[in-house]
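Enquirer: Let me begin by handing over the structure; questions about it come next.
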Amino acid sequence: MDTLSQNLKTLTPTKNTAPRFAILISTKNRCRDLEITLKSLSAFLDKENISCTVYDDGSADGTSHMIKTQYPEVTVLRNEISKGYLFCRNQMLNASNADYAISLDDDANFLSADALGTISAWFETHPECGLIAFRIFWGLDLPKNETDLSEPQRVRGFVGCGHVWKMTAWKAIPDYPEWFGFYGEEEFAAQHLFLKRLEVHYVPSILVHHRVDMKGRQKDSSYKIRMRRSLASGWYLFYLFLPPEKIARKMASSITAKIKLAFRERTIVPIRLLFQATADLIAKTPFLIRERSAFSRSQYKEFQQIPGTKVYWNPNGDDI
């Protein structure tokens with residue numbers, strides 16, 4: 037796409053008034069991480085055209101108190117009992133009157149100097165773009181090198197910890213599917229955008245640091261349930277969007293991969309995940325029937341030709 041190869045420095049916003057931005061963060065029991073993130077956003081919090089909302093999803097670590105006492109400019113919403121981050125994101129997005137809504141995880145912050153200027157310029161010069169996916173570095177430490185020479189491009193999806201919605205695009209598609217639990221909502225939204233002829237653009241000049249311990253995640257007590265939900269949500273997406281003749285092949289491929297993994301690593305865990313995800317799939321059948329929005333064969337072929345989601349940015353090259 038030729039328009040995506042333009043140098044961002046040549047993009048000039050055409051609006052006479054500054055666009056309205058909303059920064060939206062869902063959090064639960066990660067007060068210290070959130071405090072770092074809010075501190076990184078301090079320069080934005082006193083701007084008239086920028087709002088920041090944090091949805092505290094039932095935290096028990098003093099999160100809401102910290103925000104109210106240290107960051108009174110931030111709007112705090114709270115669930116006394118957790119309802120899940122998808123509920124929180126839907127509530128914040130649907131209540132926003134901004135032009136652009138930035139979604140950050142509570143442990144993610146911008147590294148780029150003029151992220152908001154880049155966002156507004158990109159959206160104004162690319163009306164076909166409904167969502168911008170950021171370049172994301174994953175790790176506890178800062179990247180040793182922030183330079184990236186890759187060009188912006190259209191991609192199939194985005195990552196939840198760092199992206200921005202054009203709100204007219206958000207309003208054109210269904211809400212995130214809260215019945216997914218977690219995982220898969222980004223693909224759900226991206227595929228609905230595609231059906232509306234709206235695009236997801238990866239703009240690498242906007243860099244976000246996702247401050248996570250990747251190795252530690254695998255030792256976390258929630259890791260197995262995360263793997264179960266990830267597998268199940270992938271299957272939900274097959275049944276929601278794929279042409280009928282593609283579903284069986286994709287399911288067979290997914291199941292075979294787990295069985296091979298079990299034999300290769302000599303563990304029963306992948307087999308257990310298959311049974312658990314199958315139970316989840318059966319339980320969600322009414323949702324799958326009601327919300328199916330299948331691609332036509334030609335749409336599926338077109339979608340598959342779009343470059344894949346950029347999830348992990350590697351300072352040494354080879355984005356994943």
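With this note's numbering, you'll find the sequence shown wraps up at 356, consecutive numbering, no jumps.
Using N, Cα and C, we set each Cβ at its ideal position, and we do this for glycine too.
Any idea which residues DSSP pairs residue 124 with across the strands?
Expert: Residue 124 is not bridged to any residue.
Enquirer: Are the beta-carbon atoms belonging to residue 129 and residue 73 less than 8 Å from one another?
Expert: Against a cut-off of 8 Å, the Cβ pair of residue 73 and residue 129 comes out as no contact.
Enquirer: Could you pull the start and end residues of the beta strand (DSSP E) that residue 96 belongs to?
Expert: Neither: residue 96 is in no beta strand (DSSP E) and is coded neither H nor E.
Enquirer: In whole angstroms, what is the alpha-carbon distance linking residue 60 and residue 262?
Expert: Rounded to whole angstroms, residue 60 to residue 262 spans 23 Å at the Cα level.
Enquirer: My assumption, with CB atoms under 8 Å, is that residue 267 sits in contact with residue 309. Please give the rounded CB distance.
Expert: Sure, about 6 Å apart at Cβ, within 8 Å.
Enquirer: Whose C-alpha, out of 192, 264, 293 and 210, is nearest the C-alpha of residue 335?
Expert: Of the candidates 192, 264, 293 and 210, the one whose C-alpha sits nearest the C-alpha of residue 335 is 192.
Enquirer: By the 10 Å Cβ neighbour count, where 16 or more other Cβ atoms means buried, how is residue 273 classified, buried or exposed?
Expert: It is buried - the Cβ of residue 273 has at least 16 other Cβ atoms within 10 Å.
Enquirer: Let me know if residue 99 comes out buried or exposed under the rule of 16 or more other beta-carbons within 10 Å of its beta-carbon.
Expert: The residue is buried, with at least 16 neighbouring Cβ atoms inside 10 Å.
Enquirer: Select from 164, 190 and 214 the residue whose C-alpha is nearest the C-alpha of residue 238.
Expert: Ranking the options by Cα distance to residue 238, first place goes to 190.
Enquirer: CB-CB under 6 Å to residue 86, same chain, minus the five flanking residues each way: which ones, in chain order?
Expert: Same-chain partners within the cutoff: 57 and 80.
Enquirer: Just list the residues that DSSP pairs residue 146 with in beta bridges.
Expert: DSSP lists 244 as partners of residue 146.
Enquirer: Buried or exposed for residue 295, please, with buried defined as at least 16 other CB atoms from any protein chain shown within 10 angstroms of its CB.
Expert: The residue in question, residue 295, is exposed, as its Cβ has fewer than 16 Cβ neighbours within 10 Å.
Enquirer: What number of angstroms, rounded off, separates the C-alpha of residue 183 from the C-alpha of residue 200?
Expert: Each residue's Cα considered, the two are about 21 Å apart.
Enquirer: Please work out which residues of its chain come closer than 6 Å, Cβ to Cβ, to residue 111, disregarding the five sequence neighbours upstream and downstream, and give them in chain order.
Expert: 89.
Enquirer: What are the residues that DSSP puts in a beta bridge with residue 141?
Expert: Answer by DSSP bridge pairing, in chain order: 62.
Enquirer: State the DSSP-derived secondary structure class of residue 87, mapped to helix, strand or coil.
Expert: Looking at residue 87 - three-state DSSP - the assignment turns out to be strand.
Enquirer: Work out the CA separation of residue 178 and residue 136 for me, nearest whole Å.
Expert: Those two C-alpha atoms are separated by around 27 Å.
Enquirer: Is residue 208 helix, strand or coil by DSSP?
Expert: Coil at residue 208, not helix or strand.
Enquirer: What's the C-alpha gap between residue 66 and residue 250?
Expert: About 16 Å.
Enquirer: I need the straight-line Cα distance from residue 312 to residue 318, nearest angstrom please.
Expert: Rounded to whole angstroms, residue 312 to residue 318 spans 10 Å at the Cα level.
Enquirer: Only counting the same chain, and skipping five residues up and downstream in sequence, which positions put a Cβ closer than 6 Å to that of residue 420?
Expert: Past the boundaries of the shown model lies residue 420; the chain is included only from 37 to 356, so the question cannot be answered.
Enquirer: In the stretch 248 to 306, which residue ranges form an unbroken alpha helix (DSSP H) of at least 4 residues, counting only runs that do not cross its ends?
Expert: Listed in chain order, the complete alpha helix (DSSP H) runs (minimum 4 residues) inside the stretch 248 to 306 are 250 to 255, 259 to 277 and 280 to 301.
Enquirer: Could you tell me the distance, in whole angstroms, from the CA atom of residue 42 to the CA atom of residue 55?
Expert: Unreliable positioning characterises residue 42 in this predicted model, as indicated by a pLDDT of 47, which lies under 50. A coordinate reading is not provided.
Enquirer: Once you ignore the five residues that flank residue 305 on each side, which residues in its own chain have a CB closer than 6 Å to its CB?
Expert: Excluding residues within five positions, none has a Cβ falling inside 6 Å.
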